[in-house]
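The block underneath contains the structure these notes are about, expressed in structure tokens.
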Amino acid sequence: MKQSIGFHKKSKSIGIKFYLIILIILLILVGCDKKEKISPNKSAHNDSSAGNTKGIDENSLDIDDNTDDDIDNTSLDDGASIDTESVNIPQPPNYIQPEGRTLDTRISVPVGYTRVDSSTDEITGFIRTIALKDDGSIVLKYDGAPIGNQNNHVAVFDINIGQRDLQQCADSIMRIYAEYYWSLEEYDKIAFHLTNGFYMNYTKWRDGYRIRVDGNDVTWNKSASYDDSYETFIKYMEMVFAYAGTLSLTAESSPISLDDLLPGDMLLEGGSPGHCVLVVDMAYDENGNRAYLFAQGYMPAQDFHVLTNPLHPEDPWYYEDEMDYPISTPSWTFDEGSLRRWADFELLQWPLKTLEALSTQVIASDNLSQVTLLAVGDNLIHIEVVQSGKQEDSSYNFDHLYDEIKDEIIAADIAVVNQETILGGKDLSYSGYPAFNSPTEIGDALVEAGFDVVLHATNHTLDKGLRGVTNTFEHWDEYPDITVLGINKTQEDRDKVPIIEKNGIKIAMLNYTYGLNGYKIPSDKPYLVNMLDKEQMEADIIKAHELADFVVVYPHWGTEYVYNPINTQRDLVDFYYELGVDLVIGTHPHVIQPVEWVTSESGHNMLVYYSLGNFLSYQKEPARMLGGIAHVTITKDDSETYISDASITPIVTHYEHGPADYNYGIYKLSEYSSDMGDIHGVSDIATQGDFSYEDALYTAKKVLGAWYQDLQ
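For the sequence shown, the numbering used here assigns the number 1 to the initial residue and increments by one for each residue that follows.
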């Protein structure tokens with residue numbers, strides 16, 4: 001029995017060895033056949049990748065090769081056969097010439113296209129003189145470390161960016177502009193506005209002046225000798241990098257159409273952060289169709305590099321017929337209005353289109369003036385807020401409500417608050433939702449906190465009828481320096497356009513509401529409350545332009561508790577833009593909504609804060625505790641008045657149950673904490689979950705997007 005078993009084992013072993021030998025031979029034969037079949041495809045793949053996948057490690061290339069093998073295995077499984085000698089496999093164009101040392105010698109134009117001619121005294125030709133790093137170079141940060149994603153560039157400019165985190169996206173473009181003018185010895189054209197609007201020109205720096213920064217104030221101070229060296233020029237640029245950015249370029253540039261796009265122009269979205277890329281080269285075909293190369297710096301400071309095109313990474317050119325909004329680049333997607341021109345960079349040898357005169361080059365001005373404007377959202381006085389201010393002698397004081405944010409308010413030249421509820425005072429019973437009446441001491445506290453302008457056109461204006469409005473007028477009569485908007489004592493008052501003049505700038509301010517919660521304006525006083533009536537608003541805005549340098553509209557609009565603007569809001573934005581309004585700051589939704597620039601080929605820029613949410617309230621859901629403070633710097637020079645800086649600061653309304661004053665406070669989100677969030681009183685009464693600092697932070701980032709600033 002044992003012998004029989006042993007014999008069968010031996011026979012089985014011999015059989016297995018035999019089949020293994022046969023299998024190995026077959027695999028070798030198939031493998032050779034497979035190698036022959038995939039060779040042409042792999043060659044084409046590698047040729048394409050050689051010039052367009054800079055900085056990709058060997059493992060990434062191996063993965064691509066394995067993917068090709070998998071595709072070929074599928075073909076073999078289907079029994080297909082390829083005759084490599086009879087099939088002409090197209091080779092993708094190879095745009096990269098590794099031996100090239102400049103843009104025009106490194107990156108070839110598409111088939112059928114011609115690179116536009118340009119001399120070195122034009123910015124197009126100048127950019128072509130800037131040396132590139134060796135082909136295959138990776139993008140390095142200012143500290144010498146590589147950036148994380150090396151897949152988005154095809155070439156790197158050999159420009160020393162220094163060892164500080166300064167030369168980011170807008171800075172890189174300003175560097176190119178400045179170096180161009182330096183090369184032409186046109187030093188008086190090297191000038192930029194800082195984000196606060198201060199005009200900083202190189203010739204002043206060369207003469208020995210340095211800037212002194214004190215908060216938002218910047219002044220020149222003579223502290224050095226005349227020095228026209230390149231080293232001094234670079235030090236000047238580093239100071240520009242420190243205090244200028246995308247908002248500077250936005251203020252100094254004008255929108256253009258795709259038809260006008262030339263090298264030296266930008267894709268630009270101003271903000272904190274925003275982003276911009278520079279058009280660095282252009283080619284055209286016999287029909288006049290154009291293609292462009294884009295380059296960028298980025299955050300943190302890093303090498304200026306030529307971008308790939310996400311639509312076809314093997315081809316870095318951006319074709320005119322592909323550039324529909326939104327325009328996607330590897331690091332940023334640009335919305336309509338992002339094509340902008342900073343200066344009239346000539347391209348005299350461009351044969352198919354004459355460059356229209358469009359110069360927004362900075363003009364030196366000693367007559368520069370500025371106003372900083374701050375605005376907050378709904379000051380919504382629920383009965384619990386009233387109770388928080390009651391003193392032992394039964395009087396009321398509400399200074400405590402604004403103590404934590406008071407310094408921020410006082411620092412602004414003009415501070416604006418939306419007083420959601422009417423200040424009917426003690427003659428009427430104090431009440432909260434739904435028909436509010438608030439103590440006049442709320443108004444006293446707003447003045448003490450530093451507010452200069454009070455908005456009263458809200459859906460709660462007539463909650464206590466004409467008497468409530470009349471009492472509100474009487475209260476504000478005690479403060480003649482406070483500007484009250486949205487309600488009017490007489491028709492004569494209604495016909496006036498409120499103008500606030502500050503630092504030599506006249507600012508028209510208009511306030512309207514969508515409705516009055518069903519209450520009717522008295523028939524004998526049709527002027528009492530400003531409504532969102534387009535015919536009347538158009539007349540107001542036209543008159544405002546005649547009287548003022550800058551026009552602001554404060555609409556009470558939208559839908560409560562909705563984070564995105566609704567169609568009626570966007571319709572009004574279009575309406576305001578067509579009428580030339582400069583700034584729109586919205587209230588009513590009780591939650592924050594996005595911030596955005598509205599631009600067009602007309603060159604006009606309008607900034608919109610759709611909703612600043614609540615400034616203060618005793619609302620009962622966590623989402624309504626998050627609000628925002630708008631900060632806008634309005635600058636006037638010899639030629640125009642414009643927004644030179646803008647931001648939004650997220651804030652949290654905090655209250656607790658237990659203390660008589662509810663421990664009320666309004667805090668910047670950056671100064672709030674998880675521990676404070678854990679004891680927020682809204683969690684005791686909310687039906688939609690507890691409040692948390694982390695949720696508020698997430699919401700601020702999600703809603704505000706690029707406008708969110710992490711100031712911690």
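From the three backbone atoms N, C-alpha and C, an ideal C-beta is built for every residue, glycine too.
No experiment lies behind these values; they were computed from the predicted model shown.
Kindly identify the DSSP beta-bridge partner or partners of glycine 665.
Note: glycine 665 sits in a beta bridge opposite His654.
Mapping DSSP to helix, strand and coil, what is lysine 390?
Note: lysine 390 maps to strand in three-state DSSP.
Identify whether aspartate 104 lies in helix, strand or coil by the three-state DSSP scheme.
Under the three-state reduction of DSSP output, aspartate 104 falls in the helix class.
Going by DSSP in three states, tryptophan 182 sits in which element: helix, strand or coil?
DSSP places tryptophan 182 in helix when its eight states are reduced to three.
Determine the direct distance from the alpha carbon of threonine 513 to that of leucine 532, and round the result to whole angstroms.
Computed Cα separation, rounded: 6 Å.
From arginine 341 to aspartate 265, what distance separates their C-alpha atoms?
Just so you know, the alpha carbons of arginine 341 and aspartate 265 end up roughly 5 Å apart.
Based on DSSP bridge pairs, tell me the residues matched to serine 290.
In the sequence on display, residue 290 carries arginine and not serine. According to the DSSP secondary-structure assignment, arginine 290 is paired through a beta bridge with Tyr284.
Let me know the beta strand (DSSP E) ranges lying completely inside the region 208-294, each 3 residues or longer, listed in chain order.
Fully enclosed beta strand (DSSP E) runs of no fewer than 3 residues occupy 209-214, 217-222, 266-269 and 275-285 of the region 208-294, in order along the chain.
Could you check which residue in Asp678, Ile173 and Glu441 has the C-alpha nearest to that of leucine 401?
Distance check between leucine 401 and each of Asp678, Ile173 and Glu441 places Glu441 closest, using alpha-carbon atoms only.
Once you ignore the five residues that flank glutamate 694 on each side, which residues in its own chain have a CB closer than 8 Å to its CB?
For glutamate 694, where only same-chain residues beyond five positions count, the Cβ hits under 8 Å are Ser674 and Gly677.
Element boundaries [alpha helix (DSSP H), containing phenylalanine 345]:
No alpha helix (DSSP H) holds phenylalanine 345; DSSP gives it neither H nor E.
In angstroms, rounded to a whole number, what distance separates the CA positions of glutamate 231 and glutamine 569?
If you take the alpha carbons of glutamate 231 and glutamine 569, they lie about 51 Å apart.
Pick from Leu626, Pro659 and Ala660: whose alpha carbon is nearest that of isoleucine 648?
Here the closest residue by C-alpha is Leu626.
Quick one, are the C-beta atoms of tryptophan 707 and glycine 271 less than 8 Å apart?
In this structure, glycine 271 lies closer than 8 Å to tryptophan 707 by Cβ.
Spell out the partners DSSP gives glutamine 302 in its beta bridges.
According to DSSP, which records beta bridges pairwise, glutamine 302 is partnered with Lys141.
Mark glycine 689 as exposed unless 16 or more other C-beta atoms lie within 10 angstroms of its C-beta, in which case mark it buried.
With fewer than 16 Cβ atoms within 10 Å of its Cβ, glycine 689 is classed as exposed.
Out of Ser369, Ser119, Ile234 and Leu103, which one is the CA nearest neighbour of lysine 636?
Taking only the C-alpha atoms, the option nearest lysine 636 is Ser369.
Going by C-alpha to C-alpha distance, which of Asp303, Phe345, Gly288 and His275 sits closest to threonine 329?
For the residues Asp303, Phe345, Gly288 and His275, the minimum Cα distance to threonine 329 belongs to His275.
Can you tell which of Asp582, Leu446, Glu560 and Thr472 has the C-alpha that lies nearest to the C-alpha of leucine 510?
Ranked by Cα distance from leucine 510, the options Asp582, Leu446, Glu560 and Thr472 are led by Asp582.
Evaluate isoleucine 123 with the Cβ neighbour count: other Cβ atoms within 10 Å of its Cβ, from every protein chain shown; 16 or more gives buried, anything less gives exposed.
So isoleucine 123 ends up on the buried side.
Do you know offhand how far alanine 131's Cα is from valine 156's?
For alanine 131 and valine 156, the distance between alpha carbons rounds to 9 Å.
For lysine 464, does the count of other Cβ atoms within 10 angstroms reach 16, so buried, or fall short, so exposed?
By the C-beta density criterion, lysine 464 is buried, having at least 16 other C-beta atoms within 10 angstroms.
Option nearest tyrosine 298 by Cα separation, candidates Pro146, Ala445, Tyr209 and Phe398
Out of Pro146, Ala445, Tyr209 and Phe398, the CA that lies nearest to the CA of tyrosine 298 is found in Pro146.
Count the other C-beta atoms from every protein chain shown that fall within 10 angstroms of the C-beta of arginine 212, then say buried if there are 16 or more, exposed otherwise.
Note on arginine 212: under 16 other CB atoms within 10 angstroms of its CB, so exposed under the neighbour-count rule.
Beta-bridge partners of tyrosine 396, as assigned by DSSP
According to DSSP, which records beta bridges pairwise, tyrosine 396 is partnered with Lys390.
Decide if leucine 311 is buried, meaning its Cβ has at least 16 other Cβ atoms within 10 Å, or exposed.
Here leucine 311 is exposed: its Cβ has fewer than 16 other Cβ atoms, across all protein chains shown, within 10 Å.
Between the alpha carbons of glycine 148 and arginine 101, how many angstroms are there, rounded?
Those two C-alpha atoms are separated by around 25 Å.
Assuming valine 652 and arginine 624 form a contact by the criterion Cβ under 8 Å, report the distance between their Cβ atoms to the nearest whole angstrom.
Incorrect: roughly 11 Å between the Cβ atoms, too far for contact.
In whole angstroms, what is the alpha-carbon distance linking serine 118 and serine 183?
Within the model, the alpha-carbon separation for serine 118 versus serine 183 is close to 15 Å.
If you drop the 5 nearest sequence neighbours on each side, which residues of the same chain put their C-beta closer than 6 Å to that of glycine 681?
So the qualifying residues of the chain are Tyr655, Glu656 and His657.
In its own chain, which residues sit with a C-beta less than 6 Å from the C-beta of serine 172, not counting the 5 before and 5 after it?
So the qualifying residues of the chain are Gly297 and Phe304.
Using a 10 Å radius around the Cβ and a threshold of 16 neighbouring Cβ atoms, would you call threonine 699 buried or exposed?
By the Cβ-count criterion, threonine 699 is buried, with 16 or more other Cβ atoms from all chains shown falling within 10 Å of its own Cβ.
Tell me the residue span of the alpha helix (DSSP H) that contains glutamine 541.
Per the sequence shown, the amino acid found at residue 541 is isoleucine instead of glutamine. Looking at the DSSP string, the run of the alpha helix (DSSP H) that includes isoleucine 541 is 534-547.
Between glutamate 85 and the rest of its own chain, which residues show a CB-CB distance below 8 Å, the 5 nearest in sequence each way excluded?
Per-residue confidence for glutamate 85 stands at a pLDDT of 37, beneath the threshold of 50, marking its modelled position as unreliable; the derived number appears in the next sentence. Same-chain partners within the cutoff: there are none.
Using only the alpha-carbon positions, how far apart do glutamate 448 and glutamate 185 sit?
Each residue's CA atom was taken as its position, placing glutamate 448 and glutamate 185 some 54 Å apart.
Which runs of the alpha helix (DSSP H) spanning at least 4 residues fall entirely within the region 411-477, listed in chain order?
Residue ranges of uninterrupted alpha helix (DSSP H) with 4 or more members, entirely inside the region 411-477 and ordered along the chain, are 441-449 and 465-476.
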